[in-house]
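S.K.: Okay, here's the structure, questions in a sec.
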């Protein structure tokens, strides 16, 4: 566990959402060390972001090209790079690092055009370096469980695949109100010809394939733009036929009020079904035909993918984040104390601890007296 | 963000569950650096665990006493220590570090006896260092939200507080089957007079107080041991009266089959209620009397605690762990490649990326042809 | 099926809620015919209610005493009577009919005082007639299923029984605002010494006993009145010890905002658990220890109580009411037509039917042309 | 309320499911009296079924034609007829009664062919009698609520309509195993060209139109038969375009294990959404964009359709069936007593009532003694 892989990052500067997610993900198991970055397409912002992350200024680059070239020459240069830019930068950036033999971990979708995608495949095949795409939903423990169950024949030959990924955040024309996340995602130059279909439809399609092992054969798609003036689709209806005979539907939308990130997969085979929802990800329904439904839980009875699951069943994975909040606030408090300040805080204190032990003591005392009332 | 606090750890060696959780929590926001440890009560195991974590051998101690003494003398000695041992060690360990002016982050319950708890309060008050207790459920975003809403009067003066924390893992006498986690928790010498009440009842009690701001006044408790031969309680029934007139019930159990970590809090006031369940932690029900129930979500509409929530609404907090699984597996693959191996893996590849772009392309082509079937 | 039992009713006049429910229940399976009534304690209201229900005026009585006496002498007098009055009338009314050998179907709780209850037991034992108490929750199919499973040993010897029945309708002092339902329920003269505990706490207690087969041994209760000026309890906290060693808690409340009729039972034994909620009554969780949870459904796989379940699984029992709404509205329309009127309505028409067949036809046409778009 | 409409029935003999449902629905509100029938296409079975239902033998007909003709001549002949046969009989039967001026209440789909449907429309238009189609899901209270909210503009102009109705009962070839329900539904001669699409797809399509008020414009459908040897479709994928610009998807299936009758409708407009599921029918989600989701309940706050809802909020509509089970079992017991038998039963008795009053009494006694333990 002790060696950490030297990691660089392209994109992911101050304002970006997904860059911070990649950094947390890299840090969670302590397997990576972020040592270099070209964190923004604007050099000034790139440098400011590097400083905020504590990068060595000499390794905070203005462009990914400069970074790829120089890091390849350093003895302790980066071994891998995370590419977290808008879609149209994926290909040139990945290409630059693959050429230098640096492993690439790249956000999805692969590229903004099919042409770029094919070129990137060629580049990856030519390079000795690894290429990993972060279709992150494939990393959920219950998705691994579902995939393993399908492969083991738990539901028989697959017939029907229903997958959907509705959101609501683009119900109104946010791209005209200065929201950067909305701007590039609705700009065909940066996101590609697909809007909603590229941003989240690909996640849904990938997930269905990952779990079922099926390849798509053909499809009929009805893309539509509901918000006036929007330049890409914001609602996606697709009928799918898979190789081998399965049929499916895919719905993704960014204009469905009340849906935050409601990715949901349902797969039905000749002898049973599986159902999973990303918003409640620690659970997987297994519905063997003719028997009661069963609810599988991460690390619970019947779970076979322990390597993907860090904590016991019943602790949702947010457990770690809740814990981390206390550590982060304790860090704030420690730093404040160092600076001679004593801010208000919500952390449990030694008095809270005393109250807890008093509670235990009172319970034991009361119970020993046949549940008499005792003071706390 | 760039400075990291130097952290030590007492307990949390190889076999322990909660030590790894504390380390992940400390790492998640990159605010701490683990640099020293006394990771087990057995010196050999302590050293082996230190090595596994990549600690400098000179700072991997046999005892917490040695660690406290020496680290206090180092120029770059630890600033804070996480204590994650069985309960009976909390007091002596905390005391050792507080005396040296080192901040303490300590697992709950505070101590195994009321006497120790009072001594620890005195030690904390005498020391200049901070003392933080990890009642980790208080760190969940929706719990912070609930507390803020109660304080803002969203449900009026509180009348009824129902809190429960059932588990099922001690339904059978696991402590006689060699499970270390079960052994110390059911040993009054190490856990204190309370079994279930100390281990999880305190979490429930603390959470109720954290959200409501109420102090307990008196209680009537019916502790019971259902599993034959068990030395501490495994089921806890308590009726509570709070200062100011509210009434409550608390149930915790470790023998309730089907309950993993089903901590659940329901609070009812004169004008409304709040309901939260740890196993579905990203949601909070608000039930204003005479209006439809409302479901609040982390980072969704009406959420006021952004500092505690790292990702957008609808991404359960397990999102980060799913992402981290990909990074961890990519690290495995990178290391394997370094070693000249090419293991099987489940990571999305450039071919998956191509398939995704082909999917987008096919959707756009089909849609442009009025949803005609097109090949993938 | 063809013979219908001649039924009378005491109470249940125009304003009453539960009388109408009893009449629907009696009619649902076409086993009863309502032929007589003493429908209100006020003679005028009694007669008006009888007329509204289409009773023969000669058999619409001013008092239950008159009704009992006369009906017993008629050749085709009532065979059974439903008593649906406030609690304090249960005993004298039941006594009057039992004495005459008329079967009694009586609402719960049995009486308003323990004294009356004992006298009623004596009267029932002396009479040759049957006495049935409508603890109606015992009639739910999944409750019958749960009882049968407990009896069959599906969860082993029972350890813990958690039952609760919170409501919110008395969060404010409705009894001072002229609501009749609230008035008599909060008047100790009519409801008895218990308020919430008598009205719904008894349902919870009865249900726990029905499913588990356990008898209570002793209890410790904390009844409380939160709403100022209320004369009976509105929140009930009870710890229970059952004969044979099981322990339990019971919570009932009428001041818990957001709870409509949230009766819920959870039972845990040595080898598994069962969980049921009245607001989602067609489902029963079975949690065998060490296996995934299973969701049993009414008439679904594993269900063994078909005599209690009229419709297929997946049709909630509200299915019948939805159907009945169409029949009721069709009756309105038929009567309106008879009166020469043509009111607006929401019933599906022959045009809707045509649209449906056109939909089928279009689906078939489109599918035969490889899912080409076709007009509807 | 006192006048009851004279009703006849075509189909619905002993083995049929839906006939019994229609009879219960007709009886629930006491608005109809069943007085005539042609209950089966087999004369013997028709007569046996009539006897079982207690029909006057003179009004239990061998054919619907005879029934239509004779009833029309009786002074107290039927005013309305319920047609609950397989689909191919709907047209000739309806036609026969409409011609005689008898109101028709007919099961869906309207007919088995488009041709018949058009002829039936003509017949209905020519007749003075009413024609009502039992698309029964339109009768659910929360569906009426949803329709009213859409009409009131609660979610703005509609954009996306997702409707689905999956079942699992035809996952295996039951029609070859002698199940009558499966036989006629998979026989194109009796059910029409559509299998799943006619049986339940029409329900889904009708429901979407009922709630949204939208008319379909065109559709692209992919019908498929998964079970070998089946003569009609058993899975239905449809993309829909509605007049006015909304888009939709419809999925119905009879081969989706784990789905009983999982009819579900989701509608999204410019300012909000509505979501309803038939298996949990007493609830309706309203998701105004940019605000927390709200859960509306039948007869709860904000509900505006009281005429469709017989019981208070929180009592699922199955409440009436649970109640009716007690009445039915009491009827059994009364009849058994008449016959001199004393069978076992599960009905609450006077002893249960005494136990309940003892419970209340014990609670009051304990509470008055500060929650001391008291014996039951």
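Protein chains in written order, with full-length UniProt numbering: chain A, 1 to 376; chain B, 1 to 376; chain C, 1 to 376; chain D, 1 to 376. From the three backbone atoms N, C-alpha and C, an ideal C-beta is built for every residue, glycine too.
What does a CB cutoff of less than 6 angstroms around residue 342 of chain D pick up in its chain, not counting 5 residues either side in sequence?
M.R.: Position 342 of the fourth chain holds residue 342 of chain D. Around residue 342 of chain D: no qualifying Cβ.
S.K.: Quick one: give me the first and last residue of the beta strand (DSSP E) that residue 268 of chain B is part of.
M.R.: Walking along the second chain from the start, residue 268 of chain B turns up at place 268. Looking at the DSSP string, the run of the beta strand (DSSP E) that includes residue 268 of chain B is 264 to 269.
S.K.: Whose C-alpha, out of B:225, B:120, B:69, B:145, is nearest the C-alpha of residue 102 of chain B?
M.R.: In the second chain, the residue the question calls residue 102 of chain B occupies position 102. Residue B:69 is the option with its Cα nearest to residue 102 of chain B.
S.K.: Any beta carbon from chain B within less than 8 angstroms of residue 108 of chain A's own beta carbon?
M.R.: For the purposes of this step, residue 108 of chain A is taken as the residue at position 108 of the first chain. So yes, residue 108 of chain A belongs to the interface.
S.K.: Going by DSSP, name the residue or residues bridged to residue 218 of chain C.
M.R.: Within the third chain, the letter at position 218 stands for residue 218 of chain C. Partner(s): C:241, D:375.
S.K.: With DSSP collapsed to three states, give me the class of residue 347 of chain B.
M.R.: For this step, residue 347 of chain B is matched to residue 347 along the second chain. In this structure, residue 347 of chain B counts as coil in the three-state DSSP scheme.
S.K.: Cβ closer than 8 angstroms: which chain F residues qualify as neighbours of residue 292 of chain B?
M.R.: Looking for chain F here will not work: the only protein chains present are A, B, C and D.
S.K.: What is the DSSP secondary structure of residue 85 of chain C, counted as helix, strand or coil?
M.R.: Counting from 1 along the third chain, the entry for residue 85 of chain C is found at position 85. Looking at residue 85 of chain C - three-state DSSP - the assignment turns out to be coil, as it is neither helix nor strand.
S.K.: So, for residue 295 of chain B: in the same chain, excluding its five sequence neighbours on each side, which residues have a beta-carbon less than 7 angstroms away from its beta-carbon?
M.R.: In the second chain, residue 295 of chain B corresponds to position 295, counting from 1. Excluding residues within five positions, the ones whose Cβ falls inside 7 angstroms are 283, 285.
S.K.: Verify whether the separation of the beta carbon atoms of residue 160 of chain A and residue 246 of chain A is less than 8 angstroms.
M.R.: What you label residue 160 of chain A is simply residue 160 of the first chain in a count that begins at 1. What you label residue 246 of chain A is simply residue 246 of the first chain in a count that begins at 1. Against a cut-off of 8 angstroms, the Cβ pair of residue 246 of chain A and residue 160 of chain A comes out as a contact.
S.K.: Please report the residue range of the alpha helix (DSSP H) in which residue 277 of chain D lies.
M.R.: Taking the fourth chain and counting its residues from 1, one reaches residue 277 of chain D at position 277. Run containing residue 277 of chain D: none in the alpha helix (DSSP H); it sits in the beta strand (DSSP E), 272 to 277.
S.K.: Going by beta-carbon coordinates alone, are residue 266 of chain B and residue 162 of chain B separated by less than 8 angstroms?
M.R.: Stepping through the second chain from its first residue, residue 266 of chain B is reached at position 266. Stepping through the second chain from its first residue, residue 162 of chain B is reached at position 162. Yes. Within cutoff.
S.K.: How would you call residue 293 of chain B, buried or exposed, if buried means at least 16 neighbouring beta carbons within 10 angstroms?
M.R.: Residue numbering aside, residue 293 of chain B sits at position 293 when the second chain is read from its first letter. Classification of residue 293 of chain B: buried, given that the 10 Å Cβ count is 16 or more.
S.K.: Who are the near neighbours of residue 98 of chain A in its chain, counting only those whose CB is closer than 8 angstroms to its CB and skipping five residues on each side?
M.R.: For this step, residue 98 of chain A is matched to residue 98 along the first chain. Excluding residues within five positions, the ones whose Cβ falls inside 8 angstroms are 104, 123, 124, 126, 127, 129, 131.
S.K.: What residues from chain D crowd round residue 31 of chain C, counting only those whose CB sits closer than 8 angstroms?
M.R.: In the third chain, residue 31 of chain C corresponds to position 31, counting from 1. Chain D residues near residue 31 of chain C: 327, 328, 331.
S.K.: Check the Cβ-Cβ distances between residue 162 of chain D and every residue of chain A, and say whether any is below 8 angstroms.
M.R.: Within the fourth chain, numbered from 1, the residue matching residue 162 of chain D stands at position 162. Yes, residue 162 of chain D counts as interfacial toward chain A.
S.K.: Taking the alpha-carbon positions, what's the residue 157 of chain D to residue 220 of chain A distance?
M.R.: The residue you call residue 157 of chain D lines up with position 157 of the fourth chain. The residue you call residue 220 of chain A lines up with position 220 of the first chain. Going by the C-alpha atoms only, they are around 26 angstroms apart.
S.K.: What do you get for residue 56 of chain C, buried or exposed, if any count of 16 or more other CB atoms within 10 angstroms of its CB means buried?
M.R.: Locating residue 56 of chain C in the third chain gives position 56, where the first residue counts as 1. Label assigned to residue 56 of chain C: exposed.
S.K.: Taking 8 angstroms as the threshold (beta carbon to beta carbon), is residue 19 of chain B in contact with chain A?
M.R.: Position 19 of the second chain, counting from 1, holds the residue named residue 19 of chain B. No, residue 19 of chain B does not count as interfacial toward chain A.
S.K.: Report yes or no: do the region 138 to 149 of chain C and the region 216 to 232 of chain C share at least 3 C-beta pairs separated by less than 8 angstroms?
M.R.: With the cut-off at 8 angstroms, the region 138 to 149 of chain C and the region 216 to 232 of chain C do not touch.
S.K.: Would you tell me roughly how many angstroms separate the C-alpha atoms of residue 1 of chain A and residue 328 of chain B, rounded to the nearest one?
M.R.: The residue given as residue 1 of chain A occupies position 1 in the first chain. The residue given as residue 328 of chain B occupies position 328 in the second chain. With a pLDDT of 45 at residue 1 of chain A, under the threshold of 50, the modelled position of that residue is not reliable, and the figure given next carries that caveat. So the two alpha carbons sit approximately 11 angstroms from each other.
S.K.: Along the chain, where does the beta strand (DSSP E) containing residue 164 of chain B start, and where does it finish?
M.R.: Within the second chain, the letter at position 164 stands for residue 164 of chain B. Per DSSP, residue 164 of chain B belongs to the beta strand (DSSP E) from 158 to 166.
S.K.: Would residue 279 of chain B and residue 261 of chain B qualify as a contact pair, given that the criterion is a beta-carbon distance under 8 angstroms?
M.R.: Mapped onto the second chain, residue 279 of chain B falls at position 279. Mapped onto the second chain, residue 261 of chain B falls at position 261. Yes; because the gap between Cβ atoms is below 8 angstroms, this pair is in contact.
S.K.: Below 8 angstroms between beta carbons: does that hold for residue 28 of chain B and residue 358 of chain A?
M.R.: To locate residue 28 of chain B, count along the second chain from 1; it is residue 28. To locate residue 358 of chain A, count along the first chain from 1; it is residue 358. No, Cβ-Cβ distance for residue 28 of chain B and residue 358 of chain A is not below 8 angstroms.
S.K.: Along the chain, where does the beta strand (DSSP E) that runs through residue 37 of chain D open and close?
M.R.: Locating residue 37 of chain D in the fourth chain gives position 37, counting from the first residue. Note, residue 37 of chain D: beta strand (DSSP E), 32 to 38.
S.K.: Which residues of the region 214 to 240 of chain B have a Cβ closer than 7 angstroms to any Cβ of chain C? Give them in chain order.
M.R.: Residues passing the 7 angstroms Cβ filter: 220, 222, 224, 226, 235, 237, 239.
S.K.: Between residue 347 of chain D and the rest of its own chain, which residues show a CB-CB distance below 8 angstroms, the 5 nearest in sequence each way excluded?
M.R.: Position 347 of the fourth chain, counted from the first residue, corresponds to residue 347 of chain D. So the qualifying residues of the chain are 326, 329, 330, 333.
S.K.: With a threshold of 8 angstroms on Cβ separation, who are the neighbours of residue 191 of chain D within its own chain once the five nearest residues in sequence on each side are excluded?
M.R.: Locating residue 191 of chain D in the fourth chain gives position 191, counting from the first residue. These residues qualify, in order along the chain: 86, 87, 88, 112, 184, 185, 198, 199, 232.
S.K.: Using a C-beta to C-beta distance shorter than 8 angstroms, which residues of chain D count as neighbours of residue 371 of chain B?
M.R.: Your numbering for residue 371 of chain B matches position 371 in the second chain. Ordered by position in chain D, the residues that pass the 8 angstroms Cβ test against residue 371 of chain B are 220, 239.
S.K.: Along chain B, in chain order, which residues have C-beta atoms closer than 9 angstroms to that of residue 256 of chain C?
M.R.: Against the third chain, residue 256 of chain C aligns to sequence position 256. Within chain B, the residues near residue 256 of chain C are 159, 160, 162, 266, 268, 273, 287.
S.K.: With residue 4 of chain C and residue 31 of chain C assumed to form a contact (beta carbons below 8 angstroms), what rounded beta-carbon distance in angstroms separates them?
M.R.: The residue labelled residue 4 of chain C in the question sits at position 4 within the third chain. The residue labelled residue 31 of chain C in the question sits at position 31 within the third chain. Confirmed, Cβ separation roughly 6 angstroms.
S.K.: Ordered along the chain, which non-local residues of its own chain (more than five positions away) have a Cβ less than 6 angstroms from that of residue 12 of chain A?
M.R.: The residue labelled residue 12 of chain A in the question sits at position 12 within the first chain. So the list reads 19, 39, 84, once near-sequence residues are dropped.
S.K.: Taking all protein chains shown into account, decide if residue 289 of chain D is buried (16 or more other Cβ within 10 angstroms of its Cβ) or exposed.
M.R.: As a first step, residue 289 of chain D must be located in the fourth chain, where it is residue number 289. Classification of residue 289 of chain D: buried, given that the 10 Å Cβ count is 16 or more.
S.K.: Looking at residue 239 of chain B and residue 237 of chain C, is the spacing between their C-beta atoms short of 8 angstroms?
M.R.: The count along the third chain starts at 1 and reaches residue 237 of chain C at position 237. The count along the second chain starts at 1 and reaches residue 239 of chain B at position 239. Against a cut-off of 8 angstroms, the Cβ pair of residue 239 of chain B and residue 237 of chain C comes out as a contact.
S.K.: Between residue 57 of chain A and chain B, is there a C-beta pair that is closer than 8 angstroms?
M.R.: If you number the first chain from 1, residue 57 of chain A lands on position 57. Judged by the 8 angstroms Cβ criterion, residue 57 of chain A is not in contact with chain B.
S.K.: Just checking: is the beta-carbon of residue 253 of chain A within a distance shorter than 8 angstroms of some beta-carbon in chain D?
M.R.: Taking the first residue of the first chain as 1, we reach residue 253 of chain A at position 253. So, interface residue.
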